[in-house]
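Residue numbers for the sequence shown follow numbering that gives the first Met the number 0, beginning at 0 and rising by one.
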Amino acid sequence: MDVRIVRGDGSSATFKHHNAITAKDVGKNAVFNSKTTMMKGPVNLQIKEVSKMAMASTRETIDNERCLLLSHADSPDHQEWHYNTFAANSLALLQEDPRRVKLIWKGEVSLKAEHDPWIDHATMAIAALHICHLEPPNPESYYTAAYKNYRNAVVAFPKAVKDMNPQNSVAILSFSLLILMFQLGISVVPGAGPMSDAFPAVDAYNAISALRGTWSLIDQLTPHLANSHLSALFIHRKHLRFEVLDESHEKMIEFLTRLNDTVEYGQSDTISRRNSDRQTCAQAITVLRFWFSIMAAKLPTTWLLLVWWPAGVSPEFLLLLKNKDPMALIIVCHWCAGMHRIPTKWYLDGWARRMLKAMMELLGPEWNFALQWPMDEVFKSEGEEP
0 MDVRIVRGDG SSATFKHHNA ITAKDVGKNA VFNSKTTMMK GPVNLQIKEV SKMAMASTRE
60 TIDNERCLLL SHADSPDHQE WHYNTFAANS LALLQEDPRR VKLIWKGEVS LKAEHDPWID
120 HATMAIAALH ICHLEPPNPE SYYTAAYKNY RNAVVAFPKA VKDMNPQNSV AILSFSLLIL
180 MFQLGISVVP GAGPMSDAFP AVDAYNAISA LRGTWSLIDQ LTPHLANSHL SALFIHRKHL
240 RFEVLDESHE KMIEFLTRLN DTVEYGQSDT ISRRNSDRQT CAQAITVLRF WFSIMAAKLP
300 TTWLLLVWWP AGVSPEFLLL LKNKDPMALI IVCHWCAGMH RIPTKWYLDG WARRMLKAMM
360 ELLGPEWNFA LQWPMDEVFK SEGEEP
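Below is the structure:
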């Protein structure tokens with residue numbers, strides 16, 4: 000997909016993003032490796048039972064004893080109570096437009112969930128994940144319930160949805176965003192397992208792949224959304240403005256460029272780097288520069304801002320990341336520093352910080368010299384040691 004970016008002086012440039020997946024692949028590509036995400040617990044726990052426990056909208060006001068009592072209540076009236084009462088209000092990134100909560104997350108999604116299991120399971124997964132965020136007394140149970148409903152959702156979706164049209168486009172977009180929220184939030188809520196040395200590269204690969212997939216799906220859905228009954232909510236900005244980078248960011252990009260040109264070994268620290276790998280990382284650095292320039296314009300936080308860099312890197316870069324190529328890991332660390340600054344919702348709270356720490360452990364202290372900028376941005380700015 001080609002995207003036109005307008006500079007501050009009125010000139011423009013066209014930037015090509017890589018389409019990651021097709022809409023038919025949403026369910027297939029969303030499935031996590033259960034060994035990296037599944038927690039031990041009662042897998043038969045259903046959201047319709049556990050959603051009743053969140054009787055307060057903030058973690059400061061949760062009454063744990065009352066929540067524990069209500070978690071075993073059996074009234075069907077509470078089946079989707081938590082999603083419709085609390086979780087749906089917490090999902091929209093763009094707070095300037097309250098219509099999105101009312102018409103999409105509490106309107107279209109709730110109506111579709113009554114008839115379509117694929118979106119019903121997605122809402123229940125998010126509801127359980129939101130309960131985890133509110134720190135109940137037994138977060139592992141809700142974490143397990145969230146994961147079970149997530150798996151049911153991504154299995155049901157490709158079986159039920161055979162094409163895209165104006166009638167189902169809003170539901171498909173909402174489903175893809177719910178799945179993305181889950182994939183990002185599952186690693187940061189209470190009850191989640193720690194990112195061990197074995198899995199941060201896979202976690203990063205999954206997250207970036209999910210963000211790329213969302214961009215690809217939005218691209219395919221755009222003409223259908225324009226003809227949907229909620230078309231007024233999907234008037235996307237066709238032009239993105241970017242600003243000149245400050246000295247700190249310029250030096251950071253220059254450092255990454257020099258490092259990419261000079262690092263001699265790649266995957267497993269023993270394989271000599273191929274020229275094609277240097278070119279792949281150079282392209283990812285160029286996209287990172289564009290992304291930080293867009294962030295410098297201080298545009299409202301939208302999904303477009305979150306998916307921009309993942310959508311721009313090449314499939315070859317993802318393969319380097321998956322294979323733990325040091326330069327690819329270092330570039331992702333710098334992206335995490337930018338993600339850490341973005342005003343986020345609960346399902347992104349702490350994700351970038353946690354990912355950066357996991358990447359640092361994977362790379363080892365010998366690479367700390369290459370991570371000084373993201374370490375300063377994320378940790379020292381808050382008076383914290385990495």
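Cβ coordinates follow ideal geometry from the N, Cα and C atoms, glycine included.
Residue-chain proximity (residue i, chain D), Cβ-Cβ < 9 angstroms
i: S292; result: No chain D is part of this structure, which consists of one protein chain only.
Segment limits, alpha helix (DSSP H) that includes residue i
i: N259; result: E246 to T261
i: K356; result: W350 to L362
i: R277; result: N274 to A295
i: P325; result: P325 to R340
i: F156; result: P138 to A159
i: D119; result: P116 to H132
i: H110; result: Inspection of the sequence shows that residue 110 is occupied by Leu rather than by His. Residues V108 to A112.
Simplified DSSP assignment, three categories, for residue i
i: S186; result: coil
i: W345; result: helix
i: S313; result: coil
i: F85; result: coil
i: S410; result: Coverage of the chain is limited to positions 0 through 385, which leaves residue 410 absent and any answer about it impossible.
i: P378; result: The displayed chain sequence assigns Phe, not Pro, to residue 378. F378 falls in the coil class under three-state DSSP.
i: F368; result: helix
Alpha-carbon to alpha-carbon, residue j and residue i
i: Y141; j: E263; result: 46 angstroms
i: F254; j: A310; result: 23 angstroms
i: I178; j: A87; result: 14 angstroms
i: I118; j: L370; result: 40 angstroms
i: H223; j: V331; result: 33 angstroms
i: N226; j: I341; result: 31 angstroms
i: L258; j: A281; result: 10 angstroms
i: M338; j: W290; result: 10 angstroms
i: A261; j: R277; result: Here the sequence assigns Thr to residue 261, which means Ala is not the residue at that position. Going from the Cα of T261 to the Cα of R277 covers about 9 angstroms.
i: L128; j: V188; result: 7 angstroms
i: M359; j: I293; result: 26 angstroms
i: L172; j: E365; result: 43 angstroms
i: F241; j: E139; result: 43 angstroms
i: T344; j: L210; result: Contrary to the premise, residue 344 reads as Lys rather than Thr in this sequence. Roughly 16 angstroms separates the two Cα atoms.
i: Q219; j: P136; result: 42 angstroms
i: L216; j: H248; result: 31 angstroms
i: A155; j: K379; result: 45 angstroms
i: D115; j: S230; result: 22 angstroms
i: P157; j: Y149; result: 14 angstroms
i: A121; j: T279; result: 35 angstroms
i: A126; j: W80; result: 9 angstroms
i: S186; j: T256; result: 31 angstroms
i: P373; j: L328; result: 12 angstroms
Burial state of residue i, where buried means 16 or more other Cβ atoms lie within 10 Å
i: K356; result: buried
i: R272; result: buried
i: N274; result: exposed
i: F368; result: exposed
i: N250; result: What sits at residue 250 in the sequence shown is Lys, not Asn. K250 comes out exposed.
i: N164; result: exposed
i: G363; result: exposed
i: L133; result: buried
i: D162; result: exposed
i: K147; result: buried
i: V153; result: buried
i: E376; result: buried
i: P325; result: buried
i: L110; result: exposed
i: P97; result: exposed
i: H228; result: exposed
i: P314; result: exposed
8 angstroms contact criterion, which residue i and residue j should meet: CB distance rounded
i: N151; j: V160; result: So it is not a contact: roughly 15 angstroms between Cβ atoms.
i: F181; j: A124; result: 5 angstroms
i: L232; j: R352; result: With a Cβ gap of about 32 angstroms, L232 and R352 do not count as contacting.
i: L298; j: Y204; result: About 27 angstroms separates the two Cβ atoms, so there is no contact after all.
i: V286; j: V306; result: Contact doesn't hold; Cβ gap of about 12 angstroms is too wide.
i: E107; j: A170; result: 6 angstroms
i: L92; j: W302; result: 6 angstroms
i: A295; j: L244; result: 6 angstroms
i: L183; j: L347; result: 6 angstroms
i: L176; j: T221; result: L176 to T221, Cβ: 15 angstroms. No contact.
i: K101; j: N83; result: With a Cβ gap of about 12 angstroms, K101 and N83 do not count as contacting.
Any non-hydrogen atom of the ligand FMN closer than 8 angstroms to residue i Cβ
i: L244; result: Within the structure as shown, the ligand FMN is missing, as the structure has no ligands at all.
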